[in-house]
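A.B. asks: I am attaching a structure below and will ask some questions about it afterwards.
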Amino acid sequence: MIGHLNWKHLLFEGIILALLGVLALANPLFVAMSFNVLFGCLLVIVGVVQGIRGFKAEKGEAATLFISSVVALIAGIILFASPMTGVLTLTVLFALYFLIEGIVKMISGWHYRPLKGWLWLFLSGLVSLLFAILIFSKFPTSAEWAIGLYLGLYLLFRGGSLIGLSFYIKKETK
1 MIGHLNWKHL
11 LFEGIILALL
21 GVLALANPLF
31 VAMSFNVLFG
41 CLLVIVGVVQ
51 GIRGFKAEKG
61 EAATLFISSV
71 VALIAGIILF
81 ASPMTGVLTL
91 TVLFALYFLI
101 EGIVKMISGW
111 HYRPLKGWLW
121 LFLSGLVSLL
131 FAILIFSKFP
141 TSAEWAIGLY
151 LGLYLLFRGG
161 SLIGLSFYIK
171 KETK
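Following the working numbering, the numbering of the sequence shown begins with 1 at its first residue and continues without gaps.
Rendered as structure tokens:
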């Protein structure tokens with residue numbers, strides 16, 4: 001089953017992701033601003049595409065496409081014109097996500113108490129909840145580090161898991 005996986009490719013991908021994670025952790029504000037610019041670009045592209053579709057659509061659909069197009073274009077332009085506003089908004093959305101995810105995971109973990117390993121789910125929710133509380137308690141300065149920290153840690157752990165998997169596959173396919 002694991003014979004089709006090339007351990008060298010996984011190792012290479014893992015190293016690249018881990019290095020990107022370290023870079024993100026070293027400069028989290030740059031990562032947040034870059035994420036903001038990328039998101040702004042996507043919104044402008046969506047706005048343009050929907051606007052073009054609006055010209056070719058039937059009357060009822062055209063109106064909704066034009067409204068959606070204008071909203072996407074305005075949001076994208078705002079992200080470009082005021083990148084820190086975008087980063088602040090994204091930080092609040094991240095914190096809300098972690099808050100809701102944390103509560104849901106803790107409730108799910110508590111529900112699965114009769115099962116072995118339920119505590120891992122509960123603790124995962126607790127960590128998410130604590131991260132949300134940390135972001136909210138340090139807001140607005142948390143906008144400077146929250147998105148970059150999360151992305152950096154994600155990339156670092158994802159890279160580390162691929163590196164570990166590559167060594168396992170190398171050992172198992174000998």
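Each residue gets a CB set at the ideal place from its N, CA and C atoms; glycine is no exception. Only a predicted model underlies this, so the values are computations on that prediction, with no experimental measurement involved.
1. Which runs of the alpha helix (DSSP H), 4 residues or longer, sit entirely within the segment 60–93?
2. Please say whether Y150 and F66 have beta carbons closer to each other than 9 Å?
3. At which residues does the alpha helix (DSSP H) containing S128 begin and terminate?
4. With DSSP run on the structure shown, which of helix, strand or coil describes T141?
5. Take L96 and list the residues in its own chain whose beta-carbon comes closer than 8 Å to its own, dropping the five residues that flank it on each side.
6. For L38, is the classification buried or exposed, using 16 other Cβ atoms within 10 angstroms of its Cβ as the cut-off for buried?
7. For L29, collect the residues of the same chain with a Cβ closer than 6 Å to its Cβ; drop the 5 residues on either side in sequence, then sort them by chain order.
8. Taking the straight line between their C-alpha atoms, what separation do you get for L165 and A81?
9. State yes or no: is the C-beta of A18 within less than 9 Å of the C-beta of G148?
10. If we count the other Cβ atoms within 10 Å of its Cβ and call it buried at 16 or more, is T91 buried or exposed?
11. Beta carbon of G86, beta carbon of S69: below 9 Å?
12. Grab me the residues of L119's own chain with a C-beta within less than 8 Å of its C-beta, minus the 5 sequence neighbours each way, in chain order.
13. DSSP state of K171, grouped into three classes?
14. Check for me: the alpha helix (DSSP H) holding E58 runs from which residue to which?
15. For the candidate residues R113, L99, I163, whose alpha-carbon lies nearest to that of L179?
C.D. replies: Quick answer:
1. Taking 4 residues as the shortest admissible run, the segment 60–93 contains no complete alpha helix (DSSP H) segment at all.
2. No; because the gap between Cβ atoms is not below 9 Å, this pair is not in contact.
3. Run containing S128: 118–137, per the alpha helix (DSSP H) assignment.
4. DSSP places T141 within a helical segment (H, G or I) once states are collapsed to three.
5. Within the same chain, L96 has close Cβ partners A132.
6. L38 comes out exposed.
7. Excluding positions up to five away in sequence, the list reads E144.
8. Note on geometry: alpha-carbon atoms of L165 and A81 lie some 43 Å from one another.
9. Contact: no.
10. A residue is called buried when at least 16 other Cβ atoms come within 10 angstroms of its Cβ; T91 meets this threshold and is buried.
11. Not a contact, by the Cβ cut-off of 9 Å.
12. Taken in chain order, the residues that qualify are G109.
13. In the structure shown, the three-state DSSP call for K171 is helix.
14. For E58, no alpha helix (DSSP H) encloses it, and the DSSP letter there is neither H nor E.
15. The first residue shown for the chain is 1 and the last is 174, placing residue 179 beyond what the model contains.
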